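Engineer: Going by the working numbering, the first residue of the sequence shown is number 646, and it counts up by one from there.
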Amino acid sequence: MPSTSGREALEIEAGVLPIDLRIEEISIREIAKIQSKSIKEPIKQQLINYQEEIGHDIHITPMGKALCQSVEMEKETGININLIEPEFTYRLGETSRTKTTPSYWNRLGSSKSRTSEQKKLCITVMTKLIGNTANDQATAYTDGSCMGNPGPCGAGAIIYTEDSRPAIRLHRPVAQRGSILLAELVAIVMVLEFCILERLHNTITTLKIFSDSQSAVGLLTLNWAPKSYIDVIRDIKEHIEDLRTKGMEICILWTPGHANIQGNDEADLLAKQAAEEATQLLPKNNIITLQDVKQGAHKSVMLKWQRRWELSNTGRDLFEITPNVKNIPIFDYPTKKFFSIFIQLRTGYTTLNYYKQRTGQNTTDLCSCGTKETQQHYLTECPNYESYREEMYHQITKEIGIRKINTCTLLGRLDHENTEEYKRKLEIISAFISKTGRFDLPEQWRSLHVCSDAQASTSF
646 MPSTSGREAL EIEAGVLPID LRIEEISIRE IAKIQSKSIK EPIKQQLINY QEEIGHDIHI
706 TPMGKALCQS VEMEKETGIN INLIEPEFTY RLGETSRTKT TPSYWNRLGS SKSRTSEQKK
766 LCITVMTKLI GNTANDQATA YTDGSCMGNP GPCGAGAIIY TEDSRPAIRL HRPVAQRGSI
826 LLAELVAIVM VLEFCILERL HNTITTLKIF SDSQSAVGLL TLNWAPKSYI DVIRDIKEHI
886 EDLRTKGMEI CILWTPGHAN IQGNDEADLL AKQAAEEATQ LLPKNNIITL QDVKQGAHKS
946 VMLKWQRRWE LSNTGRDLFE ITPNVKNIPI FDYPTKKFFS IFIQLRTGYT TLNYYKQRTG
1006 QNTTDLCSCG TKETQQHYLT ECPNYESYRE EMYHQITKEI GIRKINTCTL LGRLDHENTE
1066 EYKRKLEIIS AFISKTGRFD LPEQWRSLHV CSDAQASTSF
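#1: Look at the alpha carbon of K982 and the alpha carbon of L1086, and state the distance between them as a whole number of angstroms.
#2: What residues in its chain sit with their C-beta under 6 angstroms from that of E924, if we drop five residues either side in the sequence?
#3: Between which two residues does the alpha helix (DSSP H) harbouring I880 extend?
#4: Under 8 angstroms, do A785 and F733 count as touching if we go by C-beta distance?
#5: Cα-Cα, which of Y1067, K678 and Q821 is closest to E921?
#6: Measure the Cβ-Cβ separation of G902 and S756 and say whether it is below 8 angstroms.
#7: Measuring straight from C-alpha to C-alpha, what distance separates L737 and I875?
#8: At the level of alpha carbons, what is the spacing between W1090 and A677?
#9: Near Y1038, which residues of its chain fall below 6 angstroms by C-beta distance, leaving aside the five closest residues on each side in sequence?
#10: Sort V819, G1005, L842 and G789 by Cα distance to N635 and report the nearest one.
#11: Hey, how far is the Cα of D913 from the Cα of T851?
#12: Count Cβ pairs between the region 889-898 and the region 811-818 that sit closer than 8 angstroms; are there 3 or more?
#13: When DSSP labels each residue in this structure, what does D788 get in the three-state scheme?
#14: Does the distance from the CB of G793 to the CB of A919 come in under 8 angstroms?
#15: Just the Cα atoms here: how many angstroms apart are H846 and D781?
#16: Here's the rule: buried if 16 or more other CB atoms are within 10 angstroms of the residue's CB, otherwise exposed. What is T967?
#17: Should F987 go down as buried or exposed, given a rule of 16 or more other Cβ atoms within 10 Å for buried?
#18: Just reading off the alpha helix (DSSP H) that T806 is part of, what are its end residues?
#19: Cα-Cα, which of I841, V770, A659 and K853 is closest to I804?
#20: Taking E838 as the reference, give the member of A828, I881 and I849 with the closest Cα.
#21: Excluding the 5 residues preceding and the 5 following V831 in the sequence, name in chain order all residues of the same chain whose CB lies nearer than 6 angstroms to its CB.
#22: Identify every run of the beta strand (DSSP E) within the region 650-738, keeping only runs that are complete inside it and at least 3 residues long; order them along the chain.
#23: Here's the rule I'm using: 16 or more other beta-carbon atoms within 10 Å means buried, otherwise exposed. How should L1056 be labelled?
#24: Using a Cβ-Cβ distance under 8 angstroms, would M792 count as near chain B?
#25: Got a sec? Which residues, its chain only, sit under 8 angstroms from E658 by beta carbon, not counting five neighbours each side?
#26: What residue range does the alpha helix (DSSP H) around C1014 cover?
#27: Where are the alpha helix (DSSP H) runs, 4 residues long or more, that stay fully inside the region 746-778, in chain order?
#28: Measure the CB-CB distance between Q1002 and T1052 and report whether it falls below 8 angstroms.
#29: Suppose the cutoff is 8 angstroms on Cβ atoms and the five residues either side in sequence are ignored; what does the same chain contact list for N930 look like?
#30: Could you spell out the range, first to last residue, of the beta strand (DSSP E) harbouring Q936?
#31: For C1014, count neighbouring C-beta atoms within 10 Å of its own C-beta (all shown protein chains included) and say buried if the count is 16 or more, exposed if not.
#32: Pick out whichever of K872, Y1000, D1010 and T996 has its Cα sitting closest to the Cα of I729.
#33: Quick one: using the 10 Å Cβ neighbour count with 16 as the cut-off for buried, is R1069 buried or exposed?
#34: Look up S856 in the DSSP assignment and give the residues it is bridged to.
#35: So Q918 is in the alpha helix (DSSP H); what residue range does that whole segment cover?
#36: Kindly indicate which residue of L1024, G823 and Q1040 has the alpha-carbon position closest to the one of F1084.
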């Protein structure tokens, strides 16, 4: 881009977050990490001291600025760093060699792509896992539900005992804003707490808990390293140890979800009911993780960047084509030179006469056809290039499927620019640019349209 181009347009075109917003994003994440630390940590003590004396600041400090920015994030996203879960600290006996996943996990498919044969296999596997039931054995199914992930989440569970008692159904709204993993873990907590409170260990010696969350089962039985919900995981392990000391053996196993397994289906319904009820919970029930803060900080600065771009007085040509900011770096395609021309056409900083006359490089802003030579005129209107344009439109319509062709659809960026369709569109436009001869191109690149046309002829 030329030296006269605006910084804001450069940031938008490059897909690079402005440096001040990037610093703000990192600051929020770091202040959240400090907030999650133990009170014994000196840096956490400094944060507490600062918060108590914040009203006495003459000049704002980096810590104070980060706290203010975290408050702004809360207003935008509802994520409060004061509710962040404590940092994970290892305890003796909590770390051991990671176990391998059971082989049946990979054989039963996913709920979205499971075949009829795999569904039959699910029933066979579950029958073997449940085994021969006896009066002193109980089987529980747990499930979590989340409306949004993150969003309102709830836990559901059903416990079957082998005596004459009816099945025990449990459900609990978990948080107004939480994840599906949190709900899955709380569902397991709910079963264990019920066993302790109702003293089921007096009559039950074995409890098998089936969860359809491989993540939850892996964290609890395969020693996967937890990155969040540390306290919930510890509660589960402590409850299991408590019940084992009282004579109840606990087995936590994975069950395939949505595989016509009655217990899992019932737990799913209970969890969905609980998630609906969770919409009424207060924010103080939320468990905020560092991952939540990471997502919230990014969303907060992206919203600021969007407002900044909408209110800016510069880069309005680019705004017409790219009204929404995207933190997605772009790459030169099909060549660096052609992509440079695309940038010129998007931003308006071109070698076309309209821009050159505005910047004093030319005495006229007219095209050789007698009309103002803007980007729109060059791409969609100029009669000098009509035959090339018709060919470009035909190829884009036929190969890419774009029917409404204008400056925005020709130059606009996509969320997923790595697709073959998008790359093909750039190749077709590059061929048009090459054929018009309006831009200064090295001789070897003028032959690009020959390759492009040959590719088009062999693709059908």
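For glycine and all other residues, C-beta sits at the position ideal for the given N, C-alpha and C. Quick caveat, the model's predicted, so the values are computed rather than measured.
Structural biologist: According to the structure shown:
#1: Reading the sequence shown from its first residue, position 337 is the one you call residue 982. Reading the sequence shown from its first residue, position 441 is the one you call residue 1086. Near 8 angstroms, if we compare the C-alpha coordinates of L1086 and K982.
#2: As a working mapping, residue 924 is identified with position 279 in the sequence shown. At residue 924 the sequence reads Thr, which differs from the Glu that was named. Excluding sequence neighbours, T924 sits near P797.
#3: As a first step, residue 880 must be located in the sequence shown, where it is residue number 235. Looking at the sequence shown, residue 880 is not Ile but Asp. Boundaries of the alpha helix (DSSP H) harbouring D880: I875 to T890, taken from the DSSP string.
#4: On the sequence shown, position 140 is the one that residue 785 refers to. On the sequence shown, position 88 is the one that residue 733 refers to. In this structure, F733 does not lie closer than 8 angstroms to A785 by Cβ.
#5: Position 276 of the sequence shown holds residue 921. Taking only the C-alpha atoms, the option nearest E921 is Q821.
#6: Reading the sequence shown from its first residue, position 257 is the one you call residue 902. Reading the sequence shown from its first residue, position 111 is the one you call residue 756. The answer is yes: Cβ separation under 8 angstroms.
#7: Here residue 737 is taken as the residue at index 92 of the sequence shown, counted from 1. Here residue 875 is taken as the residue at index 230 of the sequence shown, counted from 1. Model confidence at L737 stands at a pLDDT of 49, short of 50, so the residue's coordinates are unreliable; what they give is reported in the following sentence. Those two C-alpha atoms are separated by around 15 angstroms.
#8: Translated into positions along the sequence shown, residue 1090 becomes position 445. Translated into positions along the sequence shown, residue 677 becomes position 32. Note on W1090: pLDDT 48, under 50, position unreliable in the model; no value is reported.
#9: The residue given as residue 1038 occupies position 393 in the sequence shown. Cβ within range, chain order: I1050.
#10: Missing from the structure shown is residue 635; the chain here goes from 646 to 1105 and no further.
#11: Within the sequence shown, numbered from 1, the residue matching residue 913 stands at position 268. Within the sequence shown, numbered from 1, the residue matching residue 851 stands at position 206. A direct Cα-Cα distance of roughly 23 angstroms separates D913 from T851.
#12: no
#13: Residue mapping note: residue 788 aligns to position 143 of the sequence shown, counting from 1. Reduced to three states, the DSSP call for D788 is strand.
#14: In the sequence shown, the residue the question calls residue 793 occupies position 148. In the sequence shown, the residue the question calls residue 919 occupies position 274. No.
#15: In the sequence shown, residue 846 corresponds to position 201, counting from 1. In the sequence shown, residue 781 corresponds to position 136, counting from 1. Spanning the two alpha carbons is a distance of roughly 9 angstroms.
#16: One-based indexing of the sequence shown puts residue 967 at position 322. T967 should be labelled buried.
#17: Reading the sequence shown from its first residue, position 342 is the one you call residue 987. So F987 ends up on the buried side.
#18: Against the sequence shown, residue 806 aligns to sequence position 161. Premise fails: T806 lies in the beta strand (DSSP E), G796 to T806, not in any alpha helix (DSSP H).
#19: The residue you call residue 804 lines up with position 159 of the sequence shown. The candidate whose alpha carbon is nearest that of I804 is K853.
#20: Indexing the sequence shown from 1 puts residue 838 at position 193. The option with the nearest alpha carbon to E838 is I881.
#21: Position 186 of the sequence shown, counted from the first residue, corresponds to residue 831. Excluding positions up to five away in sequence, the list reads A800 and V819.
#22: none
#23: Numbered from its first residue, the sequence shown carries residue 1056 at position 411. Buried is the call here.
#24: Of the chains in the structure shown, none is chain B; there is only one protein chain.
#25: For this step, residue 658 is matched to residue 13 along the sequence shown. Within the same chain, E658 has close Cβ partners M646, L963, T967, I975, I988, R991 and T992.
#26: In the sequence shown, residue 1014 corresponds to position 369, counting from 1. Counting along the chain, C1014 falls outside any alpha helix (DSSP H), and DSSP gives it neither H nor E.
#27: 749-752 and 761-775
#28: The count along the sequence shown starts at 1 and reaches residue 1002 at position 357. The count along the sequence shown starts at 1 and reaches residue 1052 at position 407. The criterion of a C-beta distance shorter than 8 angstroms is not satisfied by Q1002 and T1052.
#29: Position 285 of the sequence shown, counted from the start, is the residue given in the question as residue 930. V819, A820 and Q821.
#30: In the sequence shown, counting from the first residue as 1, residue 936 sits at position 291. Boundaries around Q936 are those of the alpha helix (DSSP H), L935 to L956, since no beta strand (DSSP E) includes it.
#31: The residue you call residue 1014 lines up with position 369 of the sequence shown. So C1014 counts as exposed.
#32: Numbered from its first residue, the sequence shown carries residue 729 at position 84. In terms of CA proximity to I729, K872 leads the group K872, Y1000, D1010 and T996.
#33: Within the sequence shown, the letter at position 424 stands for residue 1069. Buried, by the Cβ-count rule.
#34: By one-based count along the sequence shown, residue 856 stands at place 211. The bridge partners DSSP lists for S856 are T787 and W899.
#35: In the sequence shown, the residue the question calls residue 918 occupies position 273. Taken as a continuous stretch (DSSP letters only), the alpha helix (DSSP H) holding Q918 covers Q907 to A923.
#36: Here the question's residue 1084 lines up with position 439 in the sequence shown. Comparing Cα positions, the closest option is L1024.
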